[in-house]
Every structure is written in structure tokens, then in C-alpha cells.
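Residue numbers (mature numbering (1 follows the signal peptide of the UniProt record, and there is no 0)): -21 to -1, 1 to 134.
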């Protein structure tokens, strides 16, 4: 099992006036800026298919950010899944829970993503600190297109 390193990153959000989007940038510890927030870096997607890429962060107790998300949109029945039980990739797969993205939208992810930021709100009964694994999961074929293991975190 790969050891997941915990890195705490300070993330800066700047409003881009031209398009209304946010620019995410990692900042060094000790940098002071009124527009920064603390998040916990979880890791990058591993074991990827369909061009899946992205950095996963815990934003707060009930939200996760996937930054720089890339997915070719070609997989059928693809959902974001998490697991709160298990000790290995196989056990996580057996205990996965579908997380609607966007929230309250039970439809599969059917479009292409190119270096986008996803703000994922967890269902009411889940806390980000309870998550052990996150996957871009294909229900039709029962495989992960990319996943990341979460370290134990205290927010």
C-alpha cells in the first residue's frame, strides 16, 4: 500500500475580473494574505484511465476540492465515489458511496473536463475527515478511472 503524505497547503483564491472565476495557487507557510484559506492536500489521482488527473484537497468538514481536474468524458456511468470503510483499495471499492456532483444531481458525469476546479459538497451524513478514499468510478464496468487515498486528518 502506498504511503500517503500529508501536506498542509495554504490556498489563495483571487477573483479574476475578466471571467469571474477563481485562480487557485499554493502558497508557502508563513505567507500572509487576507484572501488565503487553509486546506489539507490529500494527493493526486493514481491508477488513472480516461485521462483523469487532479489534485484533491479537504476544504472543510463537509467539502472537498478537486483542482486541475481532467477527464475525457468518454466513460459510461461515471460518478464520484468515496469510501469511509476499508483498509485497502479493494475494500474501499466494496464500500464505496456515490457522491452527487453537483450536489443533488444524481446523473452520471457525462462531459469532458479540462483543468477545472470541482467543489464537492458531501452528503449530510459524511464528514471529510471520515473519508479514506475518493474515486472517479465507472458503474457500468465496475472500475476506478482514478482514485486517491486520504490520510488521517484532524481539522
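Cβ atoms here follow ideal geometry from the backbone N, Cα and C, with glycine treated the same way. These numbers were taken from a predicted model, which means no experiment stands behind them.
Can the beta-carbon of residue 135 be found closer than 7 angstroms to that of residue 42?
This structure gives no information on residue 135, because the portion of the chain shown stretches from -21 to 134.
Can you tell which of 110, 76, 21, 134 has the C-alpha that lies nearest to the C-alpha of residue 46?
Here residue 46 corresponds to residue number 67 of the chain shown, with the count starting at 1. A check of alpha carbon separations from residue 46 across 110, 76, 21, 134 identifies 21 as the nearest.
Starting from the N-terminal side, write out each stretch of the beta strand (DSSP E) that is 3 residues or longer and does not extend beyond the region 28 to 90.
Qualifying beta strand (DSSP E) stretches, in chain order: 32 to 39, 42 to 50, 57 to 62, 75 to 78.
Buried or exposed: where does residue 56 fall if 16 or more other Cβ atoms within 10 Å of its Cβ makes it buried?
Counting from 1 along the chain shown, the entry for residue 56 is found at position 77. Under this definition residue 56 is an exposed residue.
What residues in its chain sit with their C-beta under 7 angstroms from that of residue 131, if we drop five residues either side in the sequence?
For this step, residue 131 is matched to residue 152 along the chain shown. For residue 131, where only same-chain residues beyond five positions count, there are no Cβ hits under 7 angstroms.
Do residue 107 and residue 114 have their C-beta atoms within less than 7 angstroms of each other?
Numbered from its first residue, the chain shown carries residue 107 at position 128. Numbered from its first residue, the chain shown carries residue 114 at position 135. By the CB criterion at 7 angstroms, residue 107 and residue 114 fall outside the cutoff.
Beta-carbon proximity list for residue 79, same chain, < 6 angstroms, skipping 5 on both sides
Here the question's residue 79 lines up with position 100 in the chain shown. Cβ neighbours of residue 79 beyond the five flanking positions: 85.
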